[in-house]
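Residue numbers (this note's numbering): 48 to 370.
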Amino acid sequence: MEKRPHLDILLCAPRGFCAGVDRAIQIVELALQKYGAPVYVRHAIVHNKYVVEGLKAKGAVFVEELDEIPETEAPVVFSAHGVPKSVPADARSRNMFFLDATCPLVSKVHVEATRHFEEGHEIVLIGHAGHPEVVGTMGQLPAGAVTLIETVDDANAFTPRDPQTLAFVTQTTLSVDDTREIVAALRARFPAINGPHKEDICYATTNRQESIKAVAPLVDAMIVVGSPHSSNSQRLVEVALRSGCKVATLVDRASEIDWSLYGNLTSLGVSAGASAPESLVEEVIDAFAARYEVSVETKTTAEENIAFNIPKVLRNLEVASGR
């Protein structure tokens, strides 16, 4: 029998689920437990196909817009990414019972944007066009109140109405380094620009990127477990490549691994986006263990012990279910 080559796997920590994702999934699961199926969910609760399929199997029904939902007393859950103000307004007009699973750190950005608007600031949002979180944040305010800036070039081309009354907020799942460059470009042109009291990029995004930066230079290749729709997962791949790793790929799960990229491999880094369950990380490790003699070590760059409250109507269940 041919001897399998040895492979050192370096696991990034923190990785995988963040507190906001865990809370959103709990809200759907506990709503199903309390009210039974169906529980309607507007948009993918988090950007992970495996998680969505698992919730579908339990009785969750996913829709893109509220008008796809029939007249019902069943709960309607808004995704972790947040929604424009028009969505809960529409739900109220139709007497829907809704549960808001928006990540509290996204809600914080909504509050900041609203406060700036009420103080008469012109608002710049640093983020990616079309991402549900960006759509939700821009939708907190009247059309035209927020200008989206995606790149340093956008920042350099932007012309405000009044440079003295500018403020910026950011999407929570961006590249820390890219965002720093965009903010620097804005501050260089508009020194009076108001920023967030505390950085908008969330702790989980920052921690996962820092972990990648620590591991990427030490390994031949990196795999990030996560969805192609997941902004924070895509940023992890970019950070790995920028940090000196020659091969870095994003996979939803082990069946998507392109083995042609991993020929003469002696070391591999593994991380996961904030909406990827740990079971999929284990699946990837098992796939490599079938081809290599693996040793697994964890490199921890931060400890996370944050948890967010779930809506009051579900809290008794949370205790009862032992979660």
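Note that the Cβ used here is the ideal one computed from N, Cα and C, for glycine as well. This structure is a prediction, so every number in the text was calculated from the model and none was measured.
Self-check item: C-alpha gap between Ala268 and Cys292, whole angstroms
Solution: 6 angstroms
Exercise. Kindly indicate which three-state DSSP category Arg51 falls into: helix, strand or coil?
Key: coil
Quiz item: The alpha helix (DSSP H) with Ser326 in it runs from where to where?
Solution: 325-336
Exercise. Let me know the secondary structure DSSP gives Asn363 once reduced to three states.
Key: helix
Quiz prompt | Three-state secondary structure (DSSP) of Asp305 | solution = coil
Quiz item: CA-CA distance, Glu111 and His90?
Solution: 5 angstroms
Practice problem: Check whether the Cβ atoms of Leu79 and Leu361 lie closer than 8 angstroms to each other. | Solution: No, the Cβ-Cβ distance between Leu79 and Leu361 is not below 8 angstroms.
Self-check item: Backbone CA spacing between Thr212 and Val193 [nearest angstrom]
Solution: Rounded to whole angstroms, Thr212 to Val193 spans 13 angstroms at the Cα level.
Quiz item: Hey, Val315 and Ile270 are a contact pair by Cβ (cut 8 angstroms); roughly how many whole angstroms apart?
Solution: Reading off the sequence, residue 315 comes out as Leu, not Val. Contact between Leu315 and Ile270 holds: their C-beta atoms lie close to 7 angstroms from each other, under 8 angstroms.
Self-check item: Separation of Ala138 from Leu113, as counted between CA atoms
Solution: 7 angstroms
Self-check item: Nearest to Ile173 (by Cα), restricted to the options Asp201, Gly320, Cys150
Solution: With respect to the C-alpha of Ile173, the residue from Asp201, Gly320, Cys150 having the closest C-alpha is Asp201.
Quiz item: What are the residues that DSSP puts in a beta bridge with Cys375?
Solution: For residue 375 there is no data in the structure shown, the boundaries of the chain being 48 and 370.
Quiz item: Which residue or residues does DSSP assign as beta-bridge partners of Glu111?
Solution: None, per the DSSP bridge assignment.
Quiz item: If we call anything under 8 angstroms between Cβ atoms a contact, is Ile170 one with Val216?
Solution: Judged by beta-carbon spacing, Val216 lies within the 8 angstroms limit of Ile170, meaning their Cβ atoms are closer than that value.
Practice problem: Count the other C-beta atoms from every protein chain shown that fall within 10 angstroms of the C-beta of Ile353, then say buried if there are 16 or more, exposed otherwise. | Solution: Result: exposed.
Practice problem: In the DSSP assignment, find the unbroken beta strand (DSSP E) run with Asp147 in it and report its ends. | Solution: 145-147
Practice problem: Counting only the same chain and skipping the five closest in sequence on each side, list residues whose C-beta sits under 6 angstroms from that of Gln256. | Solution: Same-chain partners within the cutoff: Val223, Val286.
Quiz item: With distances taken from CA atoms, which of Thr119, Pro61, Asn203 is nearest Gly320?
Solution: The candidate whose alpha carbon is nearest that of Gly320 is Pro61.
Quiz item: Start and end of the beta strand (DSSP E) containing Tyr87?
Solution: 86-89
Practice problem: Pull up the CB-CB distance for Ser371 and Asn142, whole angstroms please, since I reckon it's below 8 angstroms. | Solution: Summary: the structure shown does not reach residue 371, with the chain confined to residues 48 through 370, and so no result is reported for it.
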